[in-house]
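These notes are about the structure you will find just below.
Chains as they are written, first to last, in the working numbering: chain E, 1 to 306; chain B, 1 to 319.
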């Protein structure tokens with residue numbers, strides 16, 4: 001287990017965590033401000049990936065693919081908010097789960113109708129398809145560095161937006177005490193709409209960025225949704241800072257678990273045991289992390305409502 | 001109208017009893033097995049409705065207990081234990097023990113955090129069974145023969161239909177008794193106002209935990225029945241979407257209504273079966289229907305029926 005391997009896995013964990021954060025940020029805001037459990041958030045991520053792949057194929061421009069994907073998914077988010085989410089705000093969590101679960105069912109069939117049931121591949125921007133030397137003796141795929149850069153930039157942008165702009169103040173006010181914000185004259189329906197569309201665009205950004213390194217297929221949204229829910233529950237629902245910490249924790253723990261646990265177990269157990277228990281324990285690690293966090297901090301690491 | 005409503009469950013029961021006898025004549029043989037599966041899922045959904053509807057506990061991990069029961073029955077069968085009267089209670093016990101562990105930890109949390117922690121435990125159980133290579137891992141296990149009851153041949157489709165029917169009806173009756181007993185009333189009190197029940201001196205945590213364990217045990221029994229029905233179990237029984245679809249059944253049927261779980265299971269499985277006949281894209285109409293239910297039938301189908309019947313009897317029924 002060399003130092004370069006560890007460094008490489010750390011970068012992988014960072015990359016995964018940042019992408020989780022992009023999706024988690026939108027979900028945690030929608031949760032914190034609208035108080036809506038939106039299980040269809042993963043479908044927005046899926047939509048972003050499909051639109052990006054289609055645009056990339058048509059134009060061969062990666063930048064255009066990312067922009068178009070964010071805009072189109074933002075529009076989809078706009079429609080979903082106006083048609084469904086707006087009516088679910090006054091309902092209980094169960095009705096919200098049912099309503100947004102219906103969106104999942106519909107979204108998965110829509111993408112299958114348009115793009116077929118087989119996974120869609122998205123090509124990388126040609127200039128970034130090779131590896132680069134980031135240390136004298138360490139190669140790392142250039143595209144994954146781009147993912148990290150975009151993720152960091154988006155996180156920074158979101159941080160500045162939330163802490164330094166007037167709209168950001170309203171978002172924070174809405175998250176910490178919705179009723180008070182309403183009484184202080186915040187135009188809540190507009191705020192809701194803005195937050196939902198922003199969340200959709202961030203999820204689409206993650207979908208477009210991860211498109212070239214994953215198989216784009218129906219159902220990809222539900223897989224990532226569970227991980228993202230784990231992130232925001234660890235961080236504390238409604239808190240962007242919590243979502244950031246939670247996403248990085250999940251990214252690192254999951255990547256490290258998959259990379260090192262089987263090797264680590266071989267030191268203590270027979271190879272047969274290690275090779276069968278290792279992957280399971282790795283898959284379990286984030287859930288164990290979440291359970292432990294919730295046992296000691298039942299409202300997550302950074303509760304948004306004080 | 002009122003009397004029709006009260007008699008409707010009995011009418012359904014009579015239909016269910018008669019159904020296998022007339023099915024061959026109507027060329028509906030295939031549906032005997034289908035109805036049996038619906039009954040099993042109705043039991044699982046009702047056990048979830050017990051904690052979700054009456055206890056207010058939104059558990060997104062119920063499929064773990066369901067699947068664990070199925071696995072226990074299957075594993076016992078591969079070990080040569082073929083007696084259902086022994087195997088089914090063991091499945092219930094294992095699921096109950098699992099629910100006890102999950103419940104002790106999860107019931108400390110509230111709201112969304114409770115949803116998530118039950119999900120976390122269910123995922124743990126899911127991955128645990130995937131890692132059990134000696135029991136098929138991801139591929140699951142086939143049962144060579146169903147668990148048997150003395151004097152009955154459960155490999156026979158009709159016989160096993162009646163056994164499932166008897167078990168399901170018995171469990172529904174028992175759960176209904178529990179709900180109307182002092183324990184069930186206290187449980188509903190906790191759903192309405194936990195702090196007040198605590199102040200009145202009820203052991204709130206113990207009541208919730210006991211309800212959670214009971215529901216887990218019943219789900220385990222349903223799982224054991226499903227293992228017999230499919231002669232196959234796999235970890236996909238415990239995938240989180242299986243837990244979600246049980247919740248969906250309960251919401252569609254009617255949360256906290258006596259036949260909510262049953263109606264939800266019937267409607268969802270039947271729709272799935274019918275829509276599949278017509279299109280590969282059967283998820284879409286199902287999704288649209290769920291949207292319609294959310295927007296226009298907030299209390300689920302059973303709730304809508306009840307309020308419809310109440311209005312009808314007020315207007316047109318005999319005074």
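Here a beta-carbon is modelled for each residue, glycine too, at the ideal position from N, C-alpha and C.
Here's the rule: buried if 16 or more other CB atoms are within 10 angstroms of the residue's CB, otherwise exposed. What is residue i?
i: residue 12 of chain B; result: exposed
i: residue 116 of chain E; result: exposed
i: residue 175 of chain B; result: buried
i: residue 30 of chain E; result: buried
i: residue 278 of chain B; result: exposed
i: residue 2 of chain E; result: exposed
i: residue 319 of chain B; result: The pLDDT assigned to residue 319 of chain B is 38, lower than 50, so where the model puts this residue is not dependable, and the model offers no usable value.
i: residue 134 of chain B; result: exposed
i: residue 165 of chain E; result: exposed
i: residue 70 of chain B; result: buried
i: residue 270 of chain E; result: exposed
i: residue 149 of chain E; result: exposed
i: residue 180 of chain B; result: exposed
i: residue 197 of chain B; result: buried
i: residue 121 of chain E; result: exposed
i: residue 182 of chain B; result: exposed
i: residue 81 of chain E; result: buried
i: residue 225 of chain B; result: buried
i: residue 70 of chain E; result: buried
i: residue 133 of chain E; result: exposed
Leaving aside the five residues before and after residue i along the sequence, list all residues of the same chain whose C-beta is less than 8 angstroms from its C-beta, in chain order.
i: residue 241 of chain E; result: 235, 302
i: residue 223 of chain E; result: 42
i: residue 306 of chain E; result: In this predicted model, residue 306 of chain E has a pLDDT of only 45, less than 50, meaning its place in the structure is not dependable; the value taken from the coordinates is given anyway. Within the same chain, residue 306 of chain E has close Cβ partners 176.
i: residue 289 of chain B; result: 271
Quick one: what's got a C-beta closer than 6 angstroms to residue i's C-beta in the same chain, skipping five residues either side?
i: residue 104 of chain E; result: 40, 43
i: residue 293 of chain E; result: 234
i: residue 20 of chain B; result: 32, 158, 161
i: residue 304 of chain B; result: 297
i: residue 278 of chain E; result: 261, 262, 265
i: residue 154 of chain B; result: 146, 148, 160
i: residue 181 of chain E; result: 173, 174
Starting from residue i, trace the beta strand (DSSP E) both ways and give me its first and last residue.
i: residue 141 of chain E; result: 138 to 141
Assuming residue i and residue j make a contact with CB atoms under 8 angstroms, what is their CB distance in whole Å?
i: residue 299 of chain E; j: residue 113 of chain B; result: 7 angstroms
i: residue 195 of chain E; j: residue 171 of chain E; result: 6 angstroms
i: residue 118 of chain B; j: residue 67 of chain B; result: So it is not a contact: roughly 14 angstroms between Cβ atoms.
i: residue 129 of chain E; j: residue 56 of chain E; result: Not really, about 13 angstroms apart at Cβ, beyond 8 angstroms.
i: residue 202 of chain E; j: residue 5 of chain E; result: Residue 202 of chain E to residue 5 of chain E, Cβ: 31 angstroms. No contact.
i: residue 32 of chain B; j: residue 162 of chain B; result: With a Cβ gap of about 10 angstroms, residue 32 of chain B and residue 162 of chain B do not count as contacting.
i: residue 280 of chain E; j: residue 130 of chain B; result: 7 angstroms
i: residue 12 of chain E; j: residue 214 of chain E; result: Residue 12 of chain E to residue 214 of chain E, Cβ: 13 angstroms. No contact.
i: residue 141 of chain E; j: residue 125 of chain E; result: So it is not a contact: roughly 12 angstroms between Cβ atoms.
i: residue 53 of chain E; j: residue 211 of chain E; result: 5 angstroms
i: residue 121 of chain B; j: residue 64 of chain B; result: 7 angstroms
i: residue 127 of chain B; j: residue 113 of chain E; result: Their Cβ separation, rounded to whole angstroms, is 33 angstroms, which puts residue 127 of chain B and residue 113 of chain E out of contact at 8 angstroms.
i: residue 295 of chain E; j: residue 105 of chain B; result: 6 angstroms
The alpha helix (DSSP H) spanning residue i covers which residue range?
i: residue 132 of chain E; result: That residue, residue 132 of chain E, is in no alpha helix (DSSP H); its beta strand (DSSP E) goes 131 to 135.
i: residue 282 of chain B; result: Note, residue 282 of chain B: premise wrong, no alpha helix (DSSP H); not H, not E.
i: residue 63 of chain B; result: 62 to 78
i: residue 189 of chain B; result: 182 to 192
i: residue 12 of chain E; result: 3 to 29
i: residue 239 of chain B; result: That residue, residue 239 of chain B, is in no alpha helix (DSSP H); it is neither H nor E in DSSP.
i: residue 46 of chain E; result: 41 to 59
i: residue 90 of chain B; result: 84 to 106
i: residue 96 of chain E; result: 93 to 115
i: residue 249 of chain E; result: 240 to 268
i: residue 202 of chain B; result: Run containing residue 202 of chain B: none; DSSP gives neither H nor E here.
i: residue 90 of chain E; result: Residue 90 of chain E -> no alpha helix (DSSP H), and no H or E assigned at all.
i: residue 186 of chain E; result: Careful: residue 186 of chain E lies outside any alpha helix (DSSP H) and carries neither H nor E.
To which residues of the same chain is residue i closer than 7 angstroms at the C-beta, ignoring the five residues directly before and after it?
i: residue 233 of chain B; result: 70, 71, 74, 140, 141, 227
i: residue 27 of chain E; result: 38, 41, 199, 228, 232
Using the beta-carbon of each residue, which ones in chain C are nearer than 8 angstroms to residue i?
i: residue 281 of chain B; result: Of the protein chains in this structure, namely E and B, none is chain C.
On the three-pair Cβ rule with 8 angstroms, is the region 17 to 26 of chain E touching the region 242 to 259 of chain E? yes
Counting pairs of Cβ atoms below 8 angstroms between the region 210 to 224 of chain B and the region 46 to 65 of chain B, do you hit three or more? yes
Closer than 8 angstroms is the cut-off here; do at least three beta carbon pairs connect the region 56 to 75 of chain E with the region 263 to 270 of chain E? no
Please determine if the region 256 to 268 of chain B and the region 36 to 53 of chain B are in contact, where contact requires at least 3 C-beta pairs separated by less than 8 angstroms. yes
Counting beta carbon pairs with one atom in the region 146 to 153 of chain B and one in the region 85 to 101 of chain B, are three or more of them shorter than 8 angstroms? yes
Quick test of the definition: if touching needs 3 or more C-beta pairs under 8 angstroms, does the region 43 to 53 of chain E touch the region 278 to 292 of chain E? no
Contact the region 206 to 222 of chain E vs the region 84 to 98 of chain E: 3+ CB pairs below 8 angstroms: no
Counting Cβ pairs, one atom from each stretch, are 3 or more of them under 8 angstroms apart for the region 244 to 254 of chain B and the region 88 to 106 of chain B? no
Mind the definition here: the region 286 to 305 of chain B touches the region 95 to 109 of chain E only if three or more C-beta pairs lie below 8 angstroms; say whether that holds. yes
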